[in-house]
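These protein sequences, in sequence, are chains A and B.
Just add 4 to wherever you are in the first sequence, counting from 1, and you've got the working numbering.
Just add 4 to wherever you are in the second sequence, counting from 1, and you've got the working numbering.
The beta-carbon is built from N, C-alpha and C at its ideal position, and this holds for glycine as well.
Computed from a predicted model, the values in this text were never measured in an experiment.
The block underneath contains the structure these notes are about, expressed in structure tokens.
There are 2 protein chains.
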Amino acid sequence: MSAPIAPLPVVDHQRVVFADGLTLDCGQTIAPLVVAYRTYGTLNAAKSNAILICHALTGDQYVAELHPVTGKGGWWQTIIGPGKPLDTERYFLICANVLGGCMGSTGPRDEMTDSAGCGLGRPWGTDFPNVTIRDMVRAQHRLVTSLGIGRLLAVIGGSMGGMQVLEWAATFPQTVYAAAPIAAASYHSAQNIAFHEVGRAAIHSDPDWQGGRYWEEGRIPAKGLAVARMVAHITYLSEAALSRKFGRRLRGAAALTLLEDVFEVESYLRHQGSTFVRRFDANSYLTITRAMDYFDLAAEHDGDLAAAFRGTRTRFFVASFSTDWLFPTSESRALVRALNKAAANVSFVEITSDKGHDAFLLDEPDFHHALGGFLAGCADRLGI
Amino acid sequence: MSAPIAPLPVVDHQRVVFADGLTLDCGQTIAPLVVAYRTYGTLNAAKSNAILICHALTGDQYVAELHPVTGKGGWWQTIIGPGKPLDTERYFLICANVLGGCMGSTGPRDEMTDSAGCGLGRPWGTDFPNVTIRDMVRAQHRLVTSLGIGRLLAVIGGSMGGMQVLEWAATFPQTVYAAAPIAAASYHSAQNIAFHEVGRAAIHSDPDWQGGRYWEEGRIPAKGLAVARMVAHITYLSEAALSRKFGRRLRGAAALTLLEDVFEVESYLRHQGSTFVRRFDANSYLTITRAMDYFDLAAEHDGDLAAAFRGTRTRFFVASFSTDWLFPTSESRALVRALNKAAANVSFVEITSDKGHDAFLLDEPDFHHALGGFLAGCADRLGI
Chain A
5 MSAPIAPLPV VDHQRVVFAD GLTLDCGQTI APLVVAYRTY GTLNAAKSNA ILICHALTGD
65 QYVAELHPVT GKGGWWQTII GPGKPLDTER YFLICANVLG GCMGSTGPRD EMTDSAGCGL
125 GRPWGTDFPN VTIRDMVRAQ HRLVTSLGIG RLLAVIGGSM GGMQVLEWAA TFPQTVYAAA
185 PIAAASYHSA QNIAFHEVGR AAIHSDPDWQ GGRYWEEGRI PAKGLAVARM VAHITYLSEA
245 ALSRKFGRRL RGAAALTLLE DVFEVESYLR HQGSTFVRRF DANSYLTITR AMDYFDLAAE
305 HDGDLAAAFR GTRTRFFVAS FSTDWLFPTS ESRALVRALN KAAANVSFVE ITSDKGHDAF
365 LLDEPDFHHA LGGFLAGCAD RLGI
Chain B
5 MSAPIAPLPV VDHQRVVFAD GLTLDCGQTI APLVVAYRTY GTLNAAKSNA ILICHALTGD
65 QYVAELHPVT GKGGWWQTII GPGKPLDTER YFLICANVLG GCMGSTGPRD EMTDSAGCGL
125 GRPWGTDFPN VTIRDMVRAQ HRLVTSLGIG RLLAVIGGSM GGMQVLEWAA TFPQTVYAAA
185 PIAAASYHSA QNIAFHEVGR AAIHSDPDWQ GGRYWEEGRI PAKGLAVARM VAHITYLSEA
245 ALSRKFGRRL RGAAALTLLE DVFEVESYLR HQGSTFVRRF DANSYLTITR AMDYFDLAAE
305 HDGDLAAAFR GTRTRFFVAS FSTDWLFPTS ESRALVRALN KAAANVSFVE ITSDKGHDAF
365 LLDEPDFHHA LGGFLAGCAD RLGI
């Protein structure tokens, strides 16, 4: 067994509670439904300047401020602020922790409830129902409605955030004036599912996993979760980014033993893995990766992706990155073809970058310029 | 802890013992040195028709016959036999288990010895010295010499086998008439090292690992080794191969719970992982993956890959597969450029295949035709 690690800290997240709960794609109703969220900027009188940001697998609602657990800066703060592409002097930004997450929205760490919403005295754990990307979007829709917003200026997000953007545009087309799916795809590929499965197997293999009831034992499956993070992290980087940063530099020629870190890439990955387990919950990781794996927008429309967007009036901005092999440009192009088939208003850009999938989170001036221009154009058109 | 799994069966492998041992790149001498091997076909009177086959990471010397542990057919039997590219009526084929392996050649499961070759009464385990690809090749060279063979008609191998082929050509150029590195590269990339590191972390994280002394506890780190195999297996397949075989077919729409196999790819990978642990030793996996990670032929020649082949008279046949992303065509092209710079006799072919890295093991007629033609041409030239 590994040494006990303190459970995730309890944080008093900003939240809204829907006592009537939410009925999921699987048919089960979760009640109450809690949606934790953060906002940046000011909602105008017409309530027309709201942009919803959808976060990725291990992201959360702390987009542009210090994270309450890690104390690090927001995950997209490079792009948010006065004068930046997501200009907080012009737009009202909203980001909600996804359903199934571990930063305040209803998820596996919460107290399990029965169909009448009565607490059962123990956390959901692995009894938490399977959620889909569409379930996440429905929960966000409840939040947006509760804020009195009838139409979002835009919904934007990268990676799993981009999946949510597409689901928003397909499920609530009247609510989405503009949609920006970035470094995303309309389905999760077999290879991506397989990498997720490795991560899940690593968590399940950790004896501290305890069949998902680790909290009750005062443990967390830290080693398994770290291995899961490590394999995922590789998929976020390009070979060029890995080589440039860590290459083949040895950490010390004398250290040639079987158990020590030799290549810098190894110690880097180990560090990434161990940091991650202090801020993310294993059951949430399992829940959310499953939601990504199930995502297949065409399958929700009898195999016809264009049908998901039939008659849409939403303006689309699709962006991919040239060295992203997790969500390659070919998948964005397939999405654009379907949007074209639906006669949608769509622009597409492939950003040249050697940073891989992670590029959407990093300082990529061409990407920021393109996204900022798209949003400003939409806002201009609406007189915002 | 996982349930105890029987240790690997003891098999009486064909072998040769070198009592004086082998001095490794790390400076340590291992004595005695045991090299387990298999041969197919007949060595001719001139001893001029021998082809050495070098196996990949988890391969072994049972190339073209039933495996003594799994009972399955040989890993390259599609290409070996009368009238096949590796024609056993024309050539004498040799394959040795690599140094550090677990199928009879000296490795971590053997009894640890002191510098005088005296047994210390316990297995090497993680005290087994770091070996390099060049050390593996030196051990094979001892075997070849002991068989009375002064020059090999060819050395061939895929993946890590191709690394050995290149090291053979660089270290023993007079002994190698022809060299065929297939689906290989002159160095291991940062991304490949990172995937190996995930596998090693999974093994180290398994409580049955016991710091590498699992045999003494009557255990094997089966779960960690299975996860390692799973992640490696993904890298051997192309996205197309994964999609075609396992795609997004669900195993049963009712099975929507967190712990069950849902996607067929998941159950497939789990099966692959669990089969593997019954035939492969975890300490050998650590030892051999390290050897691959250290491999950088240019670095052994002051950063100049062409210098590794300066003045060579060996004929080279370099082959890659179009959807191999573990050892992509670009790395074979870089090798060919270095060989050209060394004015070597080299032919190169990229085989169009959608099977990924694994293609070198599968029924790929274009590849078999090209390799068979190359070998036959060399044999013709030597009057064999």
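Per DSSP, Met296/B lies in no beta strand (DSSP E); the unbroken alpha helix (DSSP H) holding it starts and ends at 286-298. Take Gln214/B, set aside five residues on each side of it, and the residues of its chain with a beta-carbon closer than 7 Å to its own are Glu221, Arg223, in chain order. Secondary structure in the stretch 302-371 of chain A: the beta strand (DSSP E) runs of 3 residues or longer, each lying completely within the stretch, are 319-325, 349-355 in chain order.
Boundaries of the beta strand (DSSP E) harbouring Arg19/B: 19-22, taken from the DSSP string. DSSP places Leu229/B in the uninterrupted alpha helix (DSSP H) bounded by 226-240.
Taking the Cα of Ser109/A as reference, the smallest distance to any Cα among Ala347/A, Met140/A, Asp131/A is reached at Met140/A. Taking Ala205/B as the centre and dropping the five residues before and after it, the same chain places no C-beta closer than 7 Å to its C-beta. Neighbours of Gly228/B in chain A, taken as residues at a C-beta separation under 9 Å, are given in chain order as Ala206, Ser209, Val231.
Looking at the DSSP output, Pro127/A bridges to Glu115/A.
Using a CB distance below 7 Å, the part of the stretch 233-249 of chain B facing chain A consists of Met234, Val235, Ile238, Glu243, Leu246, Ser247, ordered along the chain. Of the residues Cys30/B, His17/B, Asp24/B, Asp29/B, the one whose Cα lies closest to the Cα of Thr43/B is His17/B.
Taking 9 Å as the Cβ-Cβ cut-off, the stretch 337-361 of chain A has no residue approaching chain B. With respect to the C-alpha of Ile55/A, the residue from Glu93/A, Glu115/A, Leu37/A having the closest C-alpha is Glu93/A. The C-beta separation of Phe176/B from His208/B comes to about 35 Å, leaving the pair out of contact by the 8 Å criterion. Looking at the DSSP output, Ala198/A sits in no beta bridge, so it has no partner there. Runs of the beta strand (DSSP E) lying entirely within the stretch 49-78 of chain B, each at least 3 residues long, are 54-58 in chain order. DSSP, reduced to helix, strand and coil, places Pro211/B within a helical segment of the structure shown. Cβ contact annotation for Pro225/A (same chain, cutoff 7 Å, sequence separation greater than five): Ile207, Asp210, Asp212, Trp213, Tyr218, Ala286, in chain order. From the beta-carbon of Gln195/B, the residues of chain A found nearer than 7 Å are Ile238, Glu243, Leu246.
With a contact defined as Cβ atoms closer than 8 Å, Gly31/A and Gly129/A miss out at about 20 Å. Of all C-beta pairs linking the stretch 226-233 of chain B to the stretch 181-198 of chain B, fewer than three are shorter than 8 Å, placing the two stretches out of contact. For Gly108/A, no alpha helix (DSSP H) segment is defined, and its DSSP state is neither H nor E. Listed in chain order, the non-local C-beta contacts of Trp80/B below 6 Å within the same chain comprise Val67, local neighbours out to five positions each way being set aside. Excluding residues up to 5 positions away in sequence, Ala310 lie with their Cβ nearer than 7 Å to the Cβ of Lys345/A in the same chain. Apart from the 5 residues on each side of it in sequence, Val15/A sits with its Cβ closer than 6 Å to the Cβ of Pro72 in its chain, given in chain order. Taking every protein chain shown into account, the CB of Pro112/A has 16 or more other CB atoms within 10 angstroms, so this residue is buried. Excluding its 5 nearest sequence neighbours in each direction, Asp370/B has C-beta neighbours in its own chain below 6 Å: Ile355, listed in chain order. With contacts defined by Cβ atoms closer than 9 Å, Phe320/B and Leu343/B form a contacting pair. Put simply, the CB of Glu304/A is far from chain B, with every gap to its CB atoms at 9 Å or more. Short of 7 Å from the beta carbon of Val353/B, and not among the five residues preceding or following it, lie these beta carbons of its own chain, in chain order: Ala323, Ala374. By the Cβ neighbour-count rule, Lys359/A is buried, with 16 or more other Cβ atoms within 10 Å of its own.
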